[in-house]
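J.:
Protein chains: 2
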Amino acid sequence: MIIKQQLKKISIADIARELHVSKTTVSFILNGRAEEKRIGREVVERVQKFIEEVGYRPNPLAQSLRTGKSNIIALMVEDISNPFFASIARLIEDRAYKNGYKIIYCSTDNDPAKTRDLISMFRERHVDGYIIAPPEGIEDEISALMKAKMPVVLFDRHLNDVKTDLVEIDNMFSTYNATKHLTEQGFKKIAYVTFSSNQSQMLARLDGYNKALEESGYKPFVKEIAFNQNDDLIIGPITAFLKKNKNLDAVFFGTNHVGTCGLQVITDLGIQVPSDLAVVSFDDYNVFKMHSPPVTAISQPIEAIADNVITVLLNRLNTSSQHISSQSIVLKTDLHIRGSSLRAAQ
Amino acid sequence: MIIKQQLKKISIADIARELHVSKTTVSFILNGRAEEKRIGREVVERVQKFIEEVGYRPNPLAQSLRTGKSNIIALMVEDISNPFFASIARLIEDRAYKNGYKIIYCSTDNDPAKTRDLISMFRERHVDGYIIAPPEGIEDEISALMKAKMPVVLFDRHLNDVKTDLVEIDNMFSTYNATKHLTEQGFKKIAYVTFSSNQSQMLARLDGYNKALEESGYKPFVKEIAFNQNDDLIIGPITAFLKKNKNLDAVFFGTNHVGTCGLQVITDLGIQVPSDLAVVSFDDYNVFKMHSPPVTAISQPIEAIADNVITVLLNRLNTSSQHISSQSIVLKTDLHIRGSSLRAAQ
DNA sequence: ATGAAAGCGCTAACAG
DNA sequence: CTGTTAGCGCTTTCAT
Chain H
-9 MIIKQQLKKI SIADIARELH VSKTTVSFIL NGRAEEKRIG REVVERVQKF IEEVGYRPNP
51 LAQSLRTGKS NIIALMVEDI SNPFFASIAR LIEDRAYKNG YKIIYCSTDN DPAKTRDLIS
111 MFRERHVDGY IIAPPEGIED EISALMKAKM PVVLFDRHLN DVKTDLVEID NMFSTYNATK
171 HLTEQGFKKI AYVTFSSNQS QMLARLDGYN KALEESGYKP FVKEIAFNQN DDLIIGPITA
231 FLKKNKNLDA VFFGTNHVGT CGLQVITDLG IQVPSDLAVV SFDDYNVFKM HSPPVTAISQ
291 PIEAIADNVI TVLLNRLNTS SQHISSQSIV LKTDLHIRGS SLRAAQ
Chain U
-9 MIIKQQLKKI SIADIARELH VSKTTVSFIL NGRAEEKRIG REVVERVQKF IEEVGYRPNP
51 LAQSLRTGKS NIIALMVEDI SNPFFASIAR LIEDRAYKNG YKIIYCSTDN DPAKTRDLIS
111 MFRERHVDGY IIAPPEGIED EISALMKAKM PVVLFDRHLN DVKTDLVEID NMFSTYNATK
171 HLTEQGFKKI AYVTFSSNQS QMLARLDGYN KALEESGYKP FVKEIAFNQN DDLIIGPITA
231 FLKKNKNLDA VFFGTNHVGT CGLQVITDLG IQVPSDLAVV SFDDYNVFKM HSPPVTAISQ
291 PIEAIADNVI TVLLNRLNTS SQHISSQSIV LKTDLHIRGS SLRAAQ
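These protein sequence lines are chains H and U, in that order. Residue -9 is where the first sequence starts when you use the numbering used here, and the numbers rise one by one after that. Residue -9 is where the second sequence starts when you use the numbering used here, and the numbers rise one by one after that.
(1) Would you report the Cα separation of Ser164 of chain H and Ile70 of chain U, rounded to the nearest angstrom?
(2) Given that a residue counts as buried once 16 or more other Cβ atoms are within 10 Å of its Cβ, and exposed if not, what is Arg31 of chain H?
(3) On the premise that Arg328 of chain H lies in contact with Pro284 of chain H, defined as a C-beta separation below 8 Å, what is that separation, rounded to the nearest angstrom?
(4) Could one say the Cβ of Leu51 of chain U lies closer than 8 Å to chain H's Cβ atoms, at least one of them?
(5) Give the secondary structure of Glu32 of chain U by DSSP, where H, G and I count as helix, E and B as strand, and everything else as coil.
(6) Just curious, the beta strand (DSSP E) that Gly119 of chain H is in, first and last residue?
(7) Suppose only complete runs of 4+ residues qualify. What are the alpha helix (DSSP H) ranges in the region 122 to 207 of chain U, listed by chain order?
(8) By the 8 Å beta-carbon criterion, what residues does the region 248 to 277 of chain H contribute toward chain U?
(9) Applying a beta-carbon distance threshold of less than 8 Å, which residues of chain H neighbour His10 of chain U?
(10) Quick check on Leu55 of chain H - is its C-beta less than 8 Å from some C-beta in chain U?
(11) For Ser186 of chain U, which residues in chain H fall below 7 Å Cβ to Cβ?
(12) Where does Ile327 of chain U sit, in a helix, a strand or coil, going by DSSP?
(13) Return yes when the Cβ of Ala168 of chain U is within less than 8 Å of the Cβ of Ile292 of chain U, no when it is not.
(14) Between which residues of its own chain and Ile159 of chain U is the CB-CB distance below 6 Å, once the five residues before and five after are set aside?
(15) Based on Cα-Cα distance, which residue from U:Ala296, U:Ala3, U:Ala6, U:Arg80 lies nearest to Asp99 of chain H?
(16) For Ile5 of chain U, which three-state DSSP category applies?
(17) Note down, in chain order, every chain U residue with its Cβ under 7 Å from the Cβ of Tyr95 of chain H.
(18) Helix, strand or coil for Tyr87 of chain H, going by three-state DSSP, please let me know.
(19) In chain order, what residues of the same chain have a beta carbon less than 7 Å from the beta carbon of Ala202 of chain H, not counting five sequence neighbours either side?
(20) Find the residues of chain H that neighbour Pro73 of chain U, judging by a C-beta separation of less than 8 Å, and give them in chain order.
(21) Given a cut-off of 8 Å on the beta-carbon distance, is the pair Phe231 of chain H and Ser271 of chain H in contact?
(22) Among all the DSSP beta bridges, which residues are the ones paired with Glu214 of chain H?
(23) Report the residue from U:Gly260, U:Met162, U:Ala194, U:Glu68 whose alpha carbon sits nearest the alpha carbon of Phe217 of chain U.
(24) For Ser97 of chain U, which of helix, strand or coil comes out of DSSP?
(25) Name the chain H residues whose beta carbon is nearer than 7 Å to that of Arg47 of chain U?
(26) Between which two residues does the beta strand (DSSP E) harbouring Ser271 of chain H extend?
(27) Have a look at Val34 of chain H and Ile19 of chain H and give me their C-alpha separation to the nearest angstrom.
(28) Locate the alpha helix (DSSP H) running through Ser110 of chain U, then write down its first and last residues.
(29) For a contact meaning CB atoms closer than 8 Å, what does Glu83 of chain H contact in chain U?
(30) Have a look at U:Val142, U:Asn161, U:Asp266, U:Thr14 and flag the residue whose alpha-carbon is nearest the alpha-carbon of Lys153 of chain U.
(31) Which partner residues does Ile319 of chain U have in the DSSP bridge list?
(32) Are the Cβ atoms of Leu156 of chain U and Ile319 of chain U separated by less than 8 Å?
(33) By the DSSP assignment, the alpha helix (DSSP H) with Leu343 of chain H in it spans what residues?
(34) Would Ala344 of chain H count as contacting chain U if we go by Cβ distances under 8 Å?
(35) Based on DSSP bridge pairs, tell me the residues matched to Met280 of chain H.
(36) Is any beta-carbon of chain U found at less than 8 Å from that of Leu325 of chain H?
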């Protein structure tokens, strides 16, 4: 009964007063430093019992103000409504909560100015660490964070000239491999449709495509589209591109977003897959599996990415790994070959 | 130069000292109460100029500790990786940032215990408001929040016996209408596959289906699946259900997640849509649009939901609307009729 | 019109 | 082993 009545926030001072001990003692007990400070067994028990009874919880704001720590991790992705990032966010969230950390996330829209604002907001709030899929142009801010000894893990892409912890996939090999698959199937006029971007992962993907084509001696056809969240502004250019290049026999979409939009265009134009046009996309995704025919796709190891990201960050936070300068983790992808890219399937 | 050197966090006390005024004066100016407090023009300008120069930003933690406000809104959804919730989160996030609020979000998994924990964590952190798609069983916590005068907006579903601000869609009419569409197309054995749930929106959807079938005099076939994030645990039961009930001529999926899994089953079993089986799903979604044939779906007005949610909450936060007890907003859905449910299409 | 000072709740250095 | 005390940076009452 008393328990429930204790609605008024009770503070460490109240406990100290009530139990005739000092705030310090309570604070030490709370922080598990009772042994270390050789506080009497009896006192410890009395305090713990009381805390239990009244359901006391320390005020995290005061703690943060005092210690400069917040138990909050900032997660900055390109767009939280993108299924790739949403899934990663979900997994990271779970792991973080289990380790006593909260996640505060946001979408950067690949906009460096917005990202800068967000970072400075997070710094003010004393977040303890950062997980970022960085847009270009925020090298300085990241460096500043590192200089301030803030744990920063980048993922999905990296920034040149900034040495941070990093979790990535092998983009170049992934597209190289998928393009090879297309050439082995006998496709020769293979287009690559992607967002126009200098982000590391996008450049690597493009490189992989180019390299594979070069080896085969085929001509590359690259269509770059301005990055945009709005489907219509992606569908438009793809439609124009496919209409203009009827001679293509395969198309490779460089991201899941481009891929889904591209698939929509193909459906709308009544193009037959794979007889008119073979299709491959980066990122696996419901839509691709369930399309008829199912679409060959490069599947990123979402769980592994999330796991590695959070593990690296938690390690940093536990300060045990201060001496490690930085680590890069590169994960492999899987090429799921399906009907959309099989010459034989016809 | 001086500007950049000022890396050490500068505080209100520093400013006061530097400018030979008191902390109070600075604070008043900072909070736009200079006029009200009749502080000298000249002083105000000097202070503002200085603040500008050194790029001073008040420490929000200290502000929160002192005022009890945090400028943070908690957003609790069922699962942030569900595209419906991810899209809503994205829109809400944008609007919130524009109004000076940050969003801290999390997934409840429809688990009342987890949700309770999260709420108590948020309370400790003094978040200013809550946006929640509530699981059942947290009526007491919501009531407690309301009693504590915390702004709470529920959406997607409501809780009986708890009167809060609310943004919903007309679930019952939506399924009624879609079921009617099926009967009008001549389908008679129409199954309804859904998560097993007593959440208001799920009950309403089921009611709509039942009502429409009742009017037609057809027998309902309802398959309830345990709520789960794991696709395999959804696909299994649906597969079993469809295999066992070969006589069905149409199936209505009650959520986007069930719908996508169901579609996968249909594909895997080689069932022809709509000739073997017509398909309708709640929630519109890429997958449905791009399926062949495209799937008839009930589309929720995502933007309108997000807009209304945040508008209602911001109103509450601006305290101007203290007198309003609570408001419910019910939005309409659109039934997008596509090939998957057309008898004539064959 | 401005300033001194209390205090939000907590931690930790420093005494005893 | 335990208590006193000084802040963390800010807001706000009360005095001047």
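Beta carbons are placed, not taken as given, at the ideal position from N, Cα and C, and that holds for glycine. Note that the structure is a prediction, hence the values are computed from the model and not measured.
T.: Checking against the coordinates, here is how it stands:
(1) 28 Å
(2) exposed
(3) 4 Å
(4) yes
(5) helix
(6) 119 to 122
(7) 129 to 137, 161 to 174, 190 to 206
(8) Thr250, Leu253, Gln254, Thr257, Asn276, Val277
(9) None at all; the shortest Cβ gap to chain H is about 27 Å.
(10) yes
(11) In chain order: nothing, as chain H lies at least about 22 Å away.
(12) coil
(13) no
(14) Gln290, Leu321, Thr323
(15) U:Arg80
(16) helix
(17) Tyr95
(18) helix
(19) Tyr166, Thr169, Lys170, Thr173
(20) Ser71, Pro73, Ala76
(21) no
(22) H:Thr184
(23) U:Glu68
(24) strand
(25) Glu114
(26) 268 to 272
(27) 6 Å
(28) 102 to 114
(29) Ile70, Cys96, Ser97
(30) U:Val142
(31) U:Val157
(32) yes
(33) The structure shown has nothing for residue 343 of chain H, since chain H only spans -9 to 336.
(34) With chain H represented from -9 up to 336, any question about residue 344 of chain H goes unanswered, as that position is not in the structure.
(35) Met280 of chain H is not bridged to any residue.
(36) no
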